[in-house]
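Student: One structure follows; several queries about it will come next.
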Amino acid sequence: MAYDYCTVVTTISSLAIFANFLLLFLSLRSKALNDDHSRYMILMKPVMDLVYAVCYLLVAPIPHSRDFTFVWPSTGPAAFWWPDGMIFVTFLCSTTIGSLLLVGSNFVYRYITLCKSNLAYIFTMKKYLAIGILINLICTLNWLGLIFFALWPNDKLKYAAEFVYYGDLNLTNRVYLGFTSLGGADPVKLAIMIESLALMLSLAQLSPFCAYRIHKCLKSSSLSDRTKEIYRELLIVLSIQIACPTILMHLPLGMMFIMLFTGLPSPDIVNNFVGIAMALNPLSGPLVSVLCVKDYRNILLTTLKIQKQRSSAIPIASATFPR
């Protein structure tokens with residue numbers, strides 16, 4: 138079963154690596170990058186998904202939860218690269234909060250430039266950009282604190298995991314993360330975990346709020362129909378970009394944490410489902426982008442010589458700041 142799981146995860150992650158390199162190529166060729174303000178946000182999404190896919194390929198983690206003990210052991214090539222393999226686990230976990238921050242920042246950017254255009258000047262001032270970067274950095278460091286102080290391997294966690302799994306789970310020199318409240322939870326670690334999960338839930342509300350406000354603003358806006366159409370396309374892409382990590386990464390992990398706090402055992406089929414769903418996360422981004430962004434499709438078809446080269450009627454970036 139472990140071999141079959143690794144094969145599936147390796148195949149999906151390899152496809153995700155190829156797909157994100159392709160998306161980077163399309164992004165660099167796209168006229169959307171003519172807009173200096175959105176250039177880095179456009180490029181950061183495939184870069185983050187590429188890092189995620191490479192780490193997932195090497196680690197291939199599969200979650201387990203039983204008797205108030207959650208373990209996330211590696212089954213991939215880096216499974217016994219202790220302690221160096223923990224670097225890949227750290228990068229992998231960082232993308233959990235990184236995806237929320239990246240797409241959320243993009244939503245805020247689109248919301249302000251469309252619905253609060255009188256405030257759009259803040260994106261040209263270094264002071265406000267530095268504040269935005271600092272907020273994102275604090276949120277990232279907060280999540281890293283969860284990894285290092287609450288989920289990092291330790292003797293108590295190793296003993297508890299091997300005890301509740303009756304020795305079937307060998308964690309000696311293995312790369313893994315986990316948490317246990319068996320025999321009483323560490324109050325500091327428990328507080329860190331609850332605070333970090335609350336932060337993620339709070340950040341998750343940001344993108345839907347901005348999406349709703351943008352949708353309402355477009356209805357009452359005096360922009361041309363063509364510009365509104367471009368904005369709606371961007372709104373759909375951003376909405377799907379936040380929906381994919383939510384469905385394929387955050388919800389499955391949330392289900393495992395519910396099992397942790399309730400003490401419910403996770404059956405093998407659930408463990409495999411969660412692991413494979415998380416492997417699909419970096420593959421979903423490029424597929425959604427190519428399917429939903431006309432400029433990307435045109436570049437791809439032109440590169441493959443399926444259609445003759447032609448310029449888009451209105452580049453995507455033209456909808457960023459209404460002229």
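Counting in the numbering used here, the sequence shown tops out at residue 460, every number present.
Beta carbons: idealized from backbone N, C-alpha and C, even for Gly.
How about residue 315 and residue 208: are their beta carbons less than 7 Å apart?
Tutor: Result yes, Cβ atoms of residue 315 and residue 208 sit closer than 7 Å.
Student: Does DSSP classify residue 455 as helix, strand or coil?
Tutor: Confidence is the limiting factor: at residue 455 the pLDDT is only 41, short of 50, which leaves the residue's position unreliable and the question unanswerable from this model.
Student: Quick one: what's residue 423 bridged to in DSSP?
Tutor: Note: residue 423 sits in no beta bridge, so no partner.
Student: Since I believe residue 282 is in contact with residue 329 (beta carbons under 8 Å), could you give me their beta-carbon distance rounded to a whole number of angstroms?
Tutor: That belief holds up - the Cβ atoms of residue 329 and residue 282 are roughly 6 Å apart, short of 8 Å.
Student: Hey, residue 237 and residue 340: beta-carbon distance below 7 Å or not?
Tutor: Yes. Within cutoff.
Student: Among residues of its own chain, excluding the 5 on either side of residue 441, which ones have a beta-carbon nearer than 7 Å to its beta-carbon?
Tutor: Counting only Cβ-Cβ distances below 7 Å, and skipping sequence neighbours, we find nothing.
Student: Relative to the alpha-carbon of residue 487, which residue among 202, 265 and 289 has its alpha-carbon at the smallest distance?
Tutor: Since the displayed the chain opens at 138 and closes at 460, residue 487 lies outside it and no answer follows.
Student: Name the DSSP bridge partner or partners of residue 208?
Tutor: Per DSSP, 201 and 315.
Student: Under a Cβ-count criterion, where at least 16 other Cβ atoms within 10 Å of its own Cβ denotes burial, should residue 185 be classed as buried or exposed?
Tutor: It counts as buried.
Student: Indicate the three-state DSSP secondary structure (helix, strand or coil) for residue 284 in the structure shown.
Tutor: Looking at residue 284 - three-state DSSP - the assignment turns out to be helix.
Student: Taking 8 Å as the cut-off, does the segment 346-361 touch the segment 331-338 (at least 3 CB pairs, one atom from each stretch)?
Tutor: No, the segment 331-338 does not touch the segment 346-361.
Student: Excluding the five sequence neighbours on either side, which residues of its own chain have a C-beta within less than 8 Å of the C-beta of residue 152, listed in chain order?
Tutor: Within the same chain, residue 152 has close Cβ partners 420.
Student: What residue does the alpha helix (DSSP H) around residue 431 start on, and which one ends it?
Tutor: Counting along the chain, the alpha helix (DSSP H) containing residue 431 begins and ends at 431-440.
Student: Which of the three DSSP states, helix, strand or coil, is assigned to residue 410?
Tutor: Residue 410: helix per DSSP, three-state reduction.
Student: In the DSSP assignment, find the unbroken alpha helix (DSSP H) run with residue 243 in it and report its ends.
Tutor: It spans 223-252 - the alpha helix (DSSP H) in which residue 243 sits, taken as one unbroken run.
Student: Beta-carbon separation of residue 408 and residue 200 under 7 Å?
Tutor: The answer is yes: Cβ separation under 7 Å.
Student: State the DSSP-derived secondary structure class of residue 173, mapped to helix, strand or coil.
Tutor: The predicted model places residue 173 with a pLDDT of 46, which falls under 50 and marks its position as unreliable; any figure quoted below should be read in that light. Of the three classes helix, strand and coil, the one that applies to residue 173 here is helix, per DSSP.
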